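This note's numbering puts the first residue of the sequence shown at 79, with every later residue one more than the last.
Here a beta-carbon is modelled for each residue, glycine too, at the ideal position from N, C-alpha and C.
If you're wondering where the values come from, they're calculated on a predicted model, not measured in any experiment.
As structure tokens, the structure follows; a few thoughts come after it.
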Amino acid sequence: MPVDLAEGSCYNLGIMNRTDIPLIGAATGVFAADIARGARPFGVTKFGENARLFTLKGKGGLEMQVTDCGGKIVRLLAPDKAGALVDVTVGFDDVSGWEKTDAYFGAIIGRCANRIAGAAFELDGKVYKLAANDAGHHACLHGGARGWDAYVWAAEPFTRGEDVGIVFTRTSPDGEENFPGTVAVKVVYTITPDNVWRVEFEAATDKTTPLNLTQHVYFNLKGSGDMLDHEMRIAAEKFLAIDANLAPVGEPRAVAGTPFDFRSFHTIGERIDADDPVLQNGAGYDHNWCLDGEGFRQALILKTPARALEVWTDQPGIQVYAGNFISDGWTMKDGLPMKRRGYVALETQHYPNSPNRPDFPSVWLHPGETFRSKTEFRFTAL
């Protein structure tokens, strides 16, 4: 029996009824209202939607500016031991900045993150052709020509105890970017007093559809320069090799003896240009690591002398993208120049091209099911 989706409301799919993810109604009085009043205009998208900018300040010092256009992170200020704040992510002065680039900086990605090779998949004997929006690689990238990153979402700030956060919701209609099924989705960002940024996804559908959601955030824990001197450790014995179209090929490969072995700490720049054809296909790191274990566990540690970042997730993979295709000519917020490999993206996810790879962990969401996932970015001053 199809789900009634009148008015396109997420509530109609029942995913808004959980008590462990707060809505604005769970917020305590004036504080939440003050956050909402603090929202300011953040430009108009090329689709004519008005965007707003919200500021969330955690009690431990972690501070975020975020826009309701794609849930994009504009600033992420992390303290050092002395309490000095450094902006550790990429952003722009208004929404038009993202429209001049193609790197999905800090955005919610859906309906299907990463690449779908051949820009098509088959479901129940029907081939769904998608936008081949990944230039030169004949793939559908991050949801198609207009993915979820390019929509203004409903946004409600909240406070719960000492946590602050914001809830984003939208309904993706049947046939959007030629994906089947209407999908209602809720994304919750929470900042805790111990400087954790938590990202939670929840979604439901009225038709079977592929669903792979991520937050495409980039980091430079120094706040400037490049990130090649950042040390990184990944809890993964295997990774996915890619072909010249950046699509995964074959079975997961062992990282041992390759530039993809981050089971102990290495700097990102140490082997990024190694003479390895799988590495060179991505012009450096732009690969999925198949995370060890299951459930909510530590996936990755990134660190500099002043700060460390732990990534915890319940997802099977993490894409590490070293900004190899980012242009030196782009200008970000405050007129600052952007540079190639200035930031590294850490995208917790299901594996790329999963709709066409039945051997990979499933991305199929069926009617009557609820997709849920959680990722935490835990900041520590060193």
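Could you check if residue i is buried or exposed, using at least 16 other CB atoms within 10 Å of its CB as the buried criterion?
| i | result |
| --- | --- |
| leucine 318 | buried |
| aspartate 165 | buried |
| threonine 345 | exposed |
| arginine 193 | buried |
| glutamine 358 | exposed |
| serine 432 | buried |
| histidine 444 | exposed |
| proline 383 | exposed |
| glycine 328 | exposed |
| aspartate 406 | exposed |
| lysine 124 | exposed |
| leucine 378 | buried |
Determine the direct distance from the alpha carbon of residue j to that of residue i, and round the result to whole angstroms.
| i | j | result |
| --- | --- | --- |
| tryptophan 442 | tryptophan 176 | 30 angstroms |
| valine 144 | lysine 178 | 18 angstroms |
| glycine 373 | lysine 452 | 10 angstroms |
| tryptophan 408 | valine 168 | 11 angstroms |
| alanine 223 | tyrosine 182 | 12 angstroms |
| glutamate 425 | valine 295 | 7 angstroms |
| serine 250 | tryptophan 226 | 8 angstroms |
| aspartate 370 | phenylalanine 338 | 14 angstroms |
| glycine 303 | lysine 417 | 8 angstroms |
| arginine 456 | glycine 203 | 43 angstroms |
| isoleucine 350 | proline 439 | 28 angstroms |
| alanine 314 | glycine 126 | 43 angstroms |
| alanine 160 | lysine 316 | 38 angstroms |
| phenylalanine 109 | valine 245 | The predicted model places phenylalanine 109 with a pLDDT of 44, which falls under 50 and marks its position as unreliable; any figure quoted below should be read in that light. Roughly 15 angstroms separates the two Cα atoms. |
| glycine 139 | arginine 331 | 40 angstroms |
| histidine 308 | glycine 347 | 8 angstroms |
| alanine 322 | glutamate 255 | 25 angstroms |
| cysteine 147 | valine 230 | 4 angstroms |
Which residue's Cα is closest to the Cα of residue i: the options?
| i | options | result |
| --- | --- | --- |
| alanine 191 | Ile244, Phe374, Gly161, Gln397 | Gln397 |
| glycine 136 | Asp272, Lys207, Ala228 | Asp272 |
| aspartate 252 | Thr283, Asp180, Gly243 | Thr283 |
| glutamate 388 | Gly395, Arg435, Ala213, Gln376 | Gln376 |
| threonine 247 | Pro235, Asn256, Thr458, Thr133 | Pro235 |
| alanine 233 | Arg118, Asn434, Leu306, Leu155 | Arg118 |
| leucine 291 | Lys124, Gln427, Leu380 | Gln427 |
| proline 355 | Glu255, Leu306, Thr336 | Thr336 |
| glutamate 447 | Ala352, Val333, Thr287, Glu348 | Thr287 |
Tell me the DSSP bridge mates of residue i?
| i | result |
| --- | --- |
| arginine 153 | Gln143 |
| tryptophan 442 | Pro288 |
| threonine 247 | Ala232, Lys264 |
| tyrosine 206 | Phe199 |
| histidine 220 | The partner list for histidine 220 (beta bridge, DSSP) is empty, contrary to what the question assumes. |
| tryptophan 176 | Per DSSP, none; premise fails for tryptophan 176. |
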